[in-house]
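*Asks:*
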Amino acid sequence: MLDVLQNLALGFSVALSPPVLFYAFVGCVIGTLVGVLPGVGPLAGISLLLPATFGMDATRAIVMLAGIYYGAMYGGSTTSILMRIPGEAASVMTCIDGYAMARRGRAGAALAIAAVGSYVAGTVSVVGLMVMAPPLARVALRFGPPEQLALLLLGLLVLAYMSSGSMLKALAMAALGLLLGTIGIDQMTGYMRYVYGVVELGDGLGVVPVAVGLFGVAEILATAGAPTPPAVIKPRLRELLPSRDEWRQSTWPIARGTVLGFLVGILPGSAHIIASFVSYAVEKRVSRRPQDFGHGAVAGVAGPESANNSATSGAFVPMLALGVPSGPIPAVMLAALMVHGVAPGPLLVHNQPALFWGFIASMYVGNVMLLILNLPLVGLFVNILRVPYPYLYPAVLVFSILGVYAVNGSVVDVWIMLIMGVLGYVLRKLDFETAPIVLGVVLAPLIELSLRQSLAMSDGRYAIFVEHRIAAALLAAGLGLVLLNLYTFARRGLDWRARMALAEKGDSP
Amino acid sequence: MKRRFSFVLAAVLVLIGAPAAAQDAYPTRPITMVVPFPPGGVADLTARPVAAAMEKVLKNPVGVVNKQGAAGAVGMQSVAVAKPDGYTLLLALSSISIIPEADRLFNRPPAFTVEQFAPIALISADPTILVVPADKPWKTAKDFIEDAKKRPGQISYSSSGIYGTLHMAMELLSQAAGIKLRHVPHAGAGPALTAILGGHVDALASGPAVVLPHIKAGKLRALAGWGDKRVAALPEVPTFKELGYPDAEFYIWAGVFAPKGTPEPVLAKLRAALREAVNDPEFKTSMEKLETPVTFKQGEEFQRFFDADAKRLAEGVRRVGRVEAK
Amino acid sequence: MSVGRVSGIGLAVLALLVLEETWRQRLPLGSVASPGPAYFPGVLAVLLLAAGLAVAALGGGPRVASLEWGEWRHGVAIFAACAFCALALERLGYRVTIFIALGFLVRVVERKSPAATLAFAAALALGTFWLFDTLLRVPLPRGAFGF
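From first to last, the protein sequence lines are chains A, B and C. Just so we're aligned: 497 in my numbering is position 497 of the first sequence, and the numbers increase by one with no gaps anywhere. Count along the second sequence from 1, then add 509; that gives the number in my numbering. Count along the third sequence from 1, then add 835; that gives the number in my numbering.
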């Protein structure tokens, strides 16, 4: 304990030195900007700014890049809440209840809760990173393809809790999303599936164009031509802050989201978006008023936003403790370290204590900076809602096209966004939910790859899922959950058809 | 009369010389170097010092643009069809020879062909090395190969993707040594490394820089290398050539290409610029930090290296064939 | 025809299309022990077919004819503007394309004054370009004219 404190003291002395502080601040500002811009997420932001860091000192470079990373998680909720456009893929869940809160005049409250939740999650998860990195990283490494598959299947169960309407329709949308996720090069055999000669589709549709299209563009297509334009909400200062009740409602979701996000972030191969989806489902499951979800439940904003921030720290655990990337963003940061002559690996903590602890300390500092940056900005951002819609939506479209194009520099992505926008519009009219499609597009390649990798590892034997104890335990837990739900279902005593019909007629938004 | 003649002569010479002069004036605009891989990868990290050094030599901006997708196919295709005026260059890895071959294998119209490029220079040629988890019983490559012969199809290895560079390296070894291994493709070099560190696969062919820290920390053991010479940082690790498998030669190399049809004077200028660029001290330091040795080849030498490498890889891809499900 | 019926049938048709395409592209199915590229999409298509048929069977929802499509003209105009952007972005360059698209949306679709349109379109096109291309070094396309 004492040496942790000593190391922290060293770290803070590095982190609070003016140049490092400056670069952390720059990273946070850019990160917020990157997060606010629809489509462009932290990966694109970090990749684009990586070259600019080549001339810098290693600590400053890594502090700035990390600032962009978790800063984007703060900013991503802004457009999600105000305009139902995901600032980055991980903010998709915030679009649902965050926007509903905004429509009810609680935009400021939603933004504030998102900011505070992100701060708590960010700070607490750094403590976890600091204290538990090496043992956690070793556990994370033991998650191979069979364990990943078991976890992802559990993630699929999340779908059952995501729908506020008909579960059957949500399942259909999930199947559609999973199918869309199979487009591209088959990683196991090299066959191209449903690509029709478009080389850019080789990597699949991409979650960013799909999310921005299904949520953002569809929203604009639906509202822009409406006979009565959306009421311009003129918020008053008092309404900007969450009420005491809303704060109370967000404490537990923030706590749960923090833990969940951190655990999901550690696992190699997981994506941030999974953290927020899982958090949303958990919150809905434990809530006393699940019917609120989809219509402005505070927990639906607090949980996912906290989850995706603590997933950021989780992602750093394998990277710093072992030099192993758990996803594309840590991979870029590892490359940044290598370029600066810092060899990442298990000995990083020993060889470069100033870098490691400076980095940790700067994450604490960065989170504070972001909180200070974002809270007053709530008032500024909410004023965006005052802009008359005929001017607002073209501007939003420009930013969406810009953001989606900037990720890969590819016009094909813009087309995907547009087509998904039309699809999202039609689906809304036909009373289908679009969130399961996004989850499907993300999960399909992961699930298929882990399954086939596991079978390749075991030479075709499904017994591998029983032999690997962690995988077996997770699968058993999943099966148990499904059975439990079926049991509760049956106990209610309703004919399933009548229940479906009730659900159909019931919660139509 | 004489004066008019000399005037006309002079005018004709100027007119003939003008296009040549325009080429002499190359470069007049910023040059774009396309890197068909995401930022932070091997190609990207090699391209940036190269571009920076070229900029110094040519006294003209050289900007790096990442055009990633489809394991490099998107970016490579874009340069294959770009205007051959010398303002668009490509920094490609060995996959440039693999992708068209894989396309042919699947009877797809190839995204591009190798003939659509004019090679300019080779910058680096990283030999791949074979690593296994430290707790595995094989102490030498010989042990490994013998065990593989005894248990065909039982020893697993990860790779960055099917027909990718790490896969092809292993395939060349398997074909040269007559062994059969079990391939578990992963989505990129990062996940492939994670898999072996977690003990989920038994072996990995990797560029030395990424695995060196883990070898030093005692988590991985290097058995042999695919290069012509031993890796400088691992002098006690033999090459497969030394062990009697000369066909198992594989490098993850990075080279600069231009679209075919770029005028000869422009190409000559670029070659000269690159020759100077690799001697730039800042460039050398950057490459050292990346632990990537600079192997500079040009003209005839590069052409021979490239052709031999392409032939090996095409053969390898053809022998792997389509992975038909059992 | 109720919404449920139509959408269910639509999904079922889509599922059948996927199965047909999988067949036409000759993706190998493989086996349960070693699934090929066609396996996963095939299973999903069957699931989608089942779900689609179930949704169609349940019917439910208002009649399709009664749905409010009032905004479709607006939607088409917006889509057209965005499609123009996608087509012109790399040919005409970012600034020109966005300027024209915004001009169209604000002047023609939203019927705002020419002055307001000009100011808004120019400000946004040039402003975003400066912010992202110049300041944040996000490469945005410059058209054939270099602008």
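Glycine residues also receive a C-beta, built at the ideal position from the N, C-alpha and C atoms.
Residues in the same chain with beta-carbon distance under 6 angstroms from residue 560 of chain B, minus the five sequence neighbours each way, listed in chain order, please.
*Replies:* Taken in chain order, the residues that qualify are 542, 571, 573.
*Asks:* Measure the alpha-carbon distance for residue 683 of chain B versus residue 690 of chain B and round it to whole angstroms.
*Replies:* C-alpha separation (whole angstroms): 7 angstroms.
*Asks:* Just the C-alpha distance for residue 630 of chain B and residue 814 of chain B, rounded to the nearest angstrom, thanks.
*Replies:* Rounded to the nearest angstrom, the two C-alpha atoms are 11 angstroms apart.
*Asks:* Which word fits residue 19 of chain A, buried or exposed, when buried means at least 16 other C-beta atoms lie within 10 angstroms of its C-beta?
*Replies:* So residue 19 of chain A counts as exposed.
*Asks:* Look up residue 693 of chain B in the DSSP assignment and say whether it is helix, strand or coil.
*Replies:* DSSP places residue 693 of chain B in strand when its eight states are reduced to three.
*Asks:* Have a look at A:23, A:429, A:291, A:139 and flag the residue whose alpha-carbon is nearest the alpha-carbon of residue 907 of chain C.
*Replies:* Of A:23, A:429, A:291, A:139, the residue nearest in Cα terms is A:429.
*Asks:* Identify whether residue 569 of chain B lies in helix, strand or coil by the three-state DSSP scheme.
*Replies:* If DSSP states are grouped into helix, strand and coil, residue 569 of chain B belongs with coil.
*Asks:* Just the chain C side, please: which residues come within less than 7 angstroms of residue 415 of chain A by C-beta, in chain order?
*Replies:* Within chain C, the residues near residue 415 of chain A are 921.
*Asks:* Examine chain C for any beta-carbon lying closer than 8 angstroms to the beta-carbon of residue 66 of chain A, and answer yes or no.
*Replies:* Taking Cβ atoms only, chain C never reaches closer than 8 angstroms to residue 66 of chain A, which makes this a no.
*Asks:* Could you tell me how far apart the beta carbons of residue 746 of chain B and residue 638 of chain B are, in whole angstroms, since I believe they sit closer than 8 angstroms?
*Replies:* About 6 angstroms; that satisfies the 8 angstroms criterion.
*Asks:* Just curious, the beta strand (DSSP E) that residue 806 of chain B is in, first and last residue?
*Replies:* Element bounds for residue 806 of chain B: 803-807.
*Asks:* At a CB-CB cut-off below 7 angstroms, which residues of chain A make contact with residue 671 of chain B?
*Replies:* Within 7 angstroms Cβ-Cβ: 187, 188, 189, 190.
*Asks:* Skipping 5 residues on each side, what residues in its chain have a beta carbon closer than 6 angstroms to that of residue 888 of chain C?
*Replies:* 847, listed in sequence order.
*Asks:* Just to confirm, is the Cβ distance from residue 670 of chain B to residue 650 of chain B under 8 angstroms?
*Replies:* No, they are not a contact pair.
*Asks:* Do residue 72 of chain A and residue 207 of chain A count as a contact pair if the criterion is CB distance below 8 angstroms?
*Replies:* For residue 207 of chain A and residue 72 of chain A, no; Cβs fall outside 8 angstroms.
*Asks:* Taking buried to mean at least 16 other C-beta atoms within 10 Å of its own C-beta, is residue 509 of chain A buried or exposed?
*Replies:* At residue 509 of chain A, the pLDDT of 43 sits below 50, so the modelled position is not reliable and the matter cannot be decided from this model.
*Asks:* According to a CB-to-CB cut-off of less than 7 angstroms, which residues of the segment 932-955 of chain C neighbour chain A?
*Replies:* Going along the segment 932-955 of chain C in chain order, one finds 933, 937, 940, 941, 945, 947, 955 with a Cβ nearer than 7 angstroms to chain A.
*Asks:* Quick check on this structure: which residue in C:892, C:851, C:877 has the alpha carbon closest to the alpha carbon of residue 841 of chain C?
*Replies:* Of C:892, C:851, C:877, the residue nearest in Cα terms is C:892.
*Asks:* What does residue 452 of chain A reach in chain C if we use C-beta pairs closer than 7 angstroms?
*Replies:* By Cβ distance, chain C contributes 870.
*Asks:* For residue 254 of chain A versus residue 117 of chain A, is the C-beta distance shorter than 8 angstroms?
*Replies:* In this structure, residue 117 of chain A lies closer than 8 angstroms to residue 254 of chain A by Cβ.
*Asks:* For the segment 298-306 of chain A and the segment 732-740 of chain B, state whether three or more C-beta atom pairs, one from each stretch, are separated by less than 8 angstroms.
*Replies:* Touching, no.
*Asks:* Using a Cβ cut-off of 8 angstroms (strictly closer), state whether residue 665 of chain B contacts chain D.
*Replies:* This model lacks chain D altogether; the protein chains it does include are A, B and C.
*Asks:* Pick from A:345, A:109, A:46: whose alpha carbon is nearest that of residue 381 of chain A?
*Replies:* Minimum Cα distance to residue 381 of chain A is reached at A:109.
*Asks:* Should the segment 178-188 of chain A be regarded as contacting the segment 468-482 of chain A, the criterion being three or more beta carbon pairs within less than 8 angstroms?
*Replies:* In short, these stretches do not touch, since the Cβ pair count stays below three.
*Asks:* Of all the CB atoms in chain B, is at least one closer than 8 angstroms to the CB of residue 308 of chain A?
*Replies:* No, no contact with chain B.
*Asks:* Just verifying my parser: in three-state terms, what is the DSSP assignment at residue 835 of chain B?
*Replies:* Low confidence applies here, because residue 835 of chain B scores a pLDDT of 38, under 50, leaving its location unreliable and the question unanswered by this model.
*Asks:* Measure the C-alpha to C-alpha separation of residue 818 of chain B and residue 139 of chain A and round it to an integer number of angstroms.
*Replies:* Approximately 41 angstroms between the Cα atoms of the pair.
*Asks:* Reducing DSSP to helix, strand and coil, say where residue 851 of chain C ends up.
*Replies:* Helix, per DSSP.
*Asks:* Among residues of its own chain, excluding the 5 on either side of residue 743 of chain B, which ones have a beta-carbon nearer than 6 angstroms to its beta-carbon?
*Replies:* Correct list, in chain order: 731.
*Asks:* For residue 269 of chain A, which option in A:224, A:299, A:327 has the closest C-alpha, if you only look at C-alpha atoms?
*Replies:* Among A:224, A:299, A:327, the Cα nearest to that of residue 269 of chain A belongs to A:327.
*Asks:* Confirm, please, whether the CB-CB distance from residue 422 of chain A to residue 413 of chain A is below 8 angstroms.
*Replies:* Taking 8 angstroms as the Cβ cut-off, residue 413 of chain A and residue 422 of chain A do not qualify as a contacting pair.
*Asks:* Within a Cβ cutoff of 8 angstroms, which residues of the same chain sit near residue 465 of chain A, ignoring the five residues on either side of it in sequence?
*Replies:* The answer, listed in chain order, is 146, 149, 150, 454, 471, 472, 475.
*Asks:* Could you give the residue range of the alpha helix (DSSP H) that holds residue 186 of chain A?
*Replies:* Unbroken run through residue 186 of chain A: none, as it is neither H nor E.
*Asks:* Using a Cβ-Cβ cut-off of 8 angstroms, state whether residue 840 of chain C counts as contacting chain A.
*Replies:* Answer no: the Cβ-Cβ gap between residue 840 of chain C and chain A never drops below 8 angstroms.
*Asks:* How is residue 626 of chain B classed by DSSP in three states: helix, strand or coil?
*Replies:* Looking at residue 626 of chain B - three-state DSSP - the assignment turns out to be strand.
*Asks:* Which chain A residues sit within Cβ distance under 9 angstroms of residue 972 of chain C?
*Replies:* Result: 48, 49, 51, 52.
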